[in-house]
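Accompanying notes for the structure given below.
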Amino acid sequence: MAVVAPPRRGRLRGLIGPDPIGYAFIAPYAIFLVALFGYPLGLAIYISFFDYFFAAPGAQVARPFVGLSNYAEILGDPTFQRAILSVAEFILINVPLTVVLSLVLASTLNAKLPFRTFFRTSYYIPYVTAGVAVIGVWLWLLSRGGLLNGVLGPLAPDPSWLVSEFWAMPVIALVVTWKGLGFYVLLYLAALQNIPRELYEAAEVDGAGVIRRFMAITVPGVRPATTLVVILATIIGANLFTEPYLLTGGGGPNGASLSPVLLMYREGIEQGHAGYAAAIGVILAIAVMTISAINRFVLEKD
Amino acid sequence: MEAAIWPSPDAQFFQPWFDFYPLFIAQSGGQQLVEDGEPQFNNEAGLAAANFWRSLYDQGLSPNEAYNGDSFGDQKAAMAIVGPWAIKVYGDKVEWGAVPVPTQDGMDASEVHTFSDEKSSAMYTSCENRGTAWEFLKFATSEENDGQLLELTGQMPMRADVVASFPDYFEANPDYEVFADQASRTVEVPIVPNSIEMWQTFRTAYSESVIFGTTPVEEAFNTAADEIRTLVGGS
Numbered sequence: 000m001a002v003v004a005p006p007r008r009g010r011l012r013g014l015i016g017p018d019p020i021g022y023a024f025i026a027p028y029a030i031f032l033v034a035l036f037g038y039p040l041g042l043a044i045y046i047s048f049f050d051y052f053f054a055a056p057g058a059q060v061a062r063p064f065v066g067l068s069n070y071a072e073i074l075g076d077p078t079f080q081r082a083i084l085s086v087a088e089f090i091l092i093n094v095p096l097t098v099v100l101s102l103v104l105a106s107t108l109n110a111k112l113p114f115r116t117f118f119r120t121s122y123y124i125p126y127v128t129a130g131v132a133v134i135g136v137w138l139w140l141l142s143r144g145g146l147l148n149g150v151l152g153p154l155a156p157d158p159s160w161l162v163s164e165f166w167a168m169p170v171i172a173l174v175v176t177w178k179g180l181g182f183y184v185l186l187y188l189a190a191l192q193n194i195p196r197e198l199y200e201a202a203e204v205d206g207a208g209v210i211r212r213f214m215a216i217t218v219p220g221v222r223p224a225t226t227l228v229v230i231l232a233t234i235i236g237a238n239l240f241t242e243p244y245l246l247t248g249g250g251g252p253n254g255a256s257l258s259p260v261l262l263m264y265r266e267g268i269e270q271g272h273a274g275y276a277a278a279i280g281v282i283l284a285i286a287v288m289t290i291s292a293i294n295r296f297v298l299e300k301d
Numbered sequence: 000m001e002a003a004i005w006p007s008p009d010a011q012f013f014q015p016w017f018d019f020y021p022l023f024i025a026q027s028g029g030q031q032l033v034e035d036g037e038p039q040f041n042n043e044a045g046l047a048a049a050n051f052w053r054s055l056y057d058q059g060l061s062p063n064e065a066y067n068g069d070s071f072g073d074q075k076a077a078m079a080i081v082g083p084w085a086i087k088v089y090g091d092k093v094e095w096g097a098v099p100v101p102t103q104d105g106m107d108a109s110e111v112h113t114f115s116d117e118k119s120s121a122m123y124t125s126c127e128n129r130g131t132a133w134e135f136l137k138f139a140t141s142e143e144n145d146g147q148l149l150e151l152t153g154q155m156p157m158r159a160d161v162v163a164s165f166p167d168y169f170e171a172n173p174d175y176e177v178f179a180d181q182a183s184r185t186v187e188v189p190i191v192p193n194s195i196e197m198w199q200t201f202r203t204a205y206s207e208s209v210i211f212g213t214t215p216v217e218e219a220f221n222t223a224a225d226e227i228r229t230l231v232g233g234s
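In order, the protein sequences belong to chains W and U.
Mapping of the first sequence onto numbering that gives the first Met the number 0: position 144 corresponds to residue 143, and the numbering continues sequentially without gaps.
Mapping of the second sequence onto numbering that gives the first Met the number 0: position 64 corresponds to residue 63, and the numbering continues sequentially without gaps.
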């Protein structure tokens, strides 16, 4: 019996698969991903190893290689350490609150409610409204002489919410939770459609109440969505910028709400320390990926 | 009316130009934040200006929370530190008068220096057509075009004697004359290495000591001065 080597064409076939036209279909997104995410990410990692400087096109400037010294400097920088703790505080408030509120709201909106479409739209509106406009409203609500303190009267904190080192970050976490809620409600609403109605009926026959049905059927039923919500909320939370920049005047009071991305903007864009800022970005990206991996591992294991 | 004066208490590096810096320049008789590599803001004049602002925050005459809008235009603050742009903005909407910023012992207005927030043009060394760019810069800042800038915007052109160069304008718009007079006694931001980092360091110190009062002013300013000395030394 003779052994025949496979023809060269076949090996190529094996490599590109039976339907090479598929590459043409994924090409636009792949190019988009590489050009707008892959390249900048690679560049950021590259910049983080240099004493990098943004200069006019064509200008010759020295950008010496500094190895890991940007990283060493950042990890020892008390401002960065404080920013990391601030954003950790933010995530610890924002993520659990987002999961609980959006799941409860989604379950409610999934029931046969009067004006259901109206409510579904209402929760989505803050998500699609420009952050800057929304912050104007919150400033009006939360300022010292604002609506909230007017309602609270003598119970209003002193110093007021946005200038209190204790309250600034929790308040920002609440505002961001409120703003993003509509999107997460939508994710949960989609996930809820996959839970068979019979499960609820069977549980009801067995005498399970509303809370029992929610805990025993809804919560496990939407678990893949919960993984997604936790990971997305963590990533978006770690990139916190607009709210501390505008709501608390550039990370105030006294740097109590300075986030790592705001620090990155300050260092990289304003002060021209591109290498330092890029290293902050890389550290942040690694931290977020690690947290996401842990989240996934914990949430997806049975 | 909620405040005597309500400058932005925000933490951005440029905010001192609109609260501390004009008062420091006036009080010090025209010093820059840093001169010959040596920080000046923790000298007697600097501390006087800072403690003046501290007393305003302390007594609640200046709130340490940002105003969501234009505090002076909305008549929430009695005063504001402004440039000649304000004349067109406030016009007849508010009943106003303008004076140079005050000093501790009431220096005569004709001697008071101030910060102008000057806008400059610059040419990159990498510019390919420097001759043309230079001619363009000269054209854009010629007397005729400076006059046009003044006419259209009310912004003071950078000229040795603005009032004498455009007498017709100031005769027709007397409100601008007090600003034009000040234009001959302006101080700018120092041109130093790490300039923005320097201002951010200063703002952070000012924020914790003057605006929020968590650190004594002199202590915060001295610490910032040490950091800034190193920064502008070019390291």
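Glycine is no exception: its CB is placed at the ideal position from the N, C-alpha and C atoms.
Here the structure is a predicted model, which means the values were calculated and not measured.
Would residue i pass as an interface residue toward chain W - the criterion being a Cβ-Cβ separation below 8 angstroms?
i: U:Ser234; result: Below a pLDDT of 50, predicted positions are generally treated as unreliable, and U:Ser234, at 48, falls in that range; no measurement from the model is reported.
i: U:Ser120; result: no
i: U:Ala79; result: no
i: U:Ile190; result: no
i: U:Tyr89; result: no
i: U:Thr203; result: yes
i: U:Gln30; result: no
i: U:Pro62; result: yes
i: U:Ser70; result: no
i: U:Ala65; result: yes
i: U:Asp174; result: no
i: U:Ala223; result: no
i: U:Glu196; result: yes
i: U:Ala49; result: no
With a Cβ-Cβ cutoff of 8 angstroms, do residue i and residue j count as a contact?
i: U:Val98; j: U:Pro21; result: no
i: U:Thr200; j: U:Ala219; result: no
i: U:Ala2; j: U:Ser70; result: yes
i: W:Leu227; j: W:Ile216; result: no
i: U:Asn67; j: W:Leu138; result: yes
i: U:Lys92; j: U:Gly105; result: no
i: W:Phe48; j: W:Val65; result: yes
i: W:Tyr183; j: W:Thr97; result: yes
i: U:Phe12; j: U:Arg202; result: yes
i: W:Ile92; j: W:Pro153; result: no
Leaving out five residues on either side along the sequence, give the residues of the same chain with a beta carbon under 8 angstroms from the beta carbon of residue i.
i: W:Val297; result: none
i: U:Leu136; result: Ser120 and Met122
i: W:Ile15; result: Tyr22
i: U:Met78; result: Ala3, Ile4 and Phe71
i: U:Thr113; result: Pro21, Ile24, Ala25, Pro99, Val100, Gln181, Arg184, Thr185 and Val186
Give every residue of the same chain whose Cβ lies closer than 7 angstroms to the Cβ of residue i, excluding the five residues on either side of it in the sequence, and list them in chain order.
i: U:Phe169; result: Val162, Tyr175, Glu176 and Ala179
i: W:Pro243; result: Ile171, Gly250, Ser256, Leu257, Ser258 and Leu261
i: W:Ala43; result: Ala277, Gly280 and Val281
i: W:Ala54; result: Val60
i: U:Ile210; result: Pro8, Tyr56 and Asn63
Would you say residue i lies against chain U (beta-carbon separation less than 8 angstroms)?
i: W:Pro77; result: no
i: W:Glu269; result: yes
i: W:Asn253; result: yes
i: W:Val162; result: yes
i: W:Gly274; result: no
i: W:Leu138; result: yes
i: W:Ser190; result: Looking at the sequence provided, one finds Ala at residue 190 of chain W rather than Ser. So, not an interface residue.
i: W:Ala55; result: yes
Residues in its own chain within less than 6 angstroms of residue i by CB, not counting five upstream and five downstream?
i: W:Pro17; result: none
i: U:Thr140; result: none
i: U:Ser234; result: Note that U:Ser234 has pLDDT 48, beneath the 50 cutoff, so the model's placement of it is unreliable and no number is given.
i: W:Ile230; result: Ser291 and Asn294
Could you tell me the distance, in whole angstroms, from the CA atom of residue i to the CA atom of residue j?
i: W:Val127; j: W:Arg265; result: 27 angstroms
i: W:Leu146; j: W:Val136; result: 10 angstroms
i: W:Arg196; j: W:Thr176; result: 30 angstroms
i: W:Asn148; j: W:Ala87; result: 27 angstroms
i: U:Ala44; j: W:Leu239; result: 39 angstroms
i: W:Ile268; j: U:Thr152; result: 29 angstroms
i: U:Gly146; j: U:Ala171; result: 14 angstroms
i: W:Pro56; j: U:Ser125; result: 7 angstroms
i: W:Ser159; j: U:Glu150; result: 45 angstroms
i: W:Ile285; j: W:Ser68; result: 17 angstroms
i: U:Ala229; j: W:Ile30; result: In the sequence as presented, Ala is not what sits at residue 229 of chain U; that position holds Thr. Rounded to whole angstroms, U:Thr229 to W:Ile30 spans 46 angstroms at the Cα level.
i: W:Ile210; j: W:Pro95; result: 19 angstroms
i: W:Leu245; j: W:Lys178; result: 15 angstroms
| request: Answer yes if the stretch 105-112 of chain U comes into contact with the stretch 32-41 of chain W, meaning at least three C-beta pairs across the two stretches below 8 angstroms, and no otherwise. | output: They do not touch, by the three-pair rule.
| task | Taking 8 angstroms as the threshold, find out whether the stretch 106-125 of chain W comes into contact with the stretch 31-46 of chain U through three or more Cβ pairs. | result | No: the two stretches stay apart, fewer than three of their Cβ pairs being nearer than 8 angstroms.
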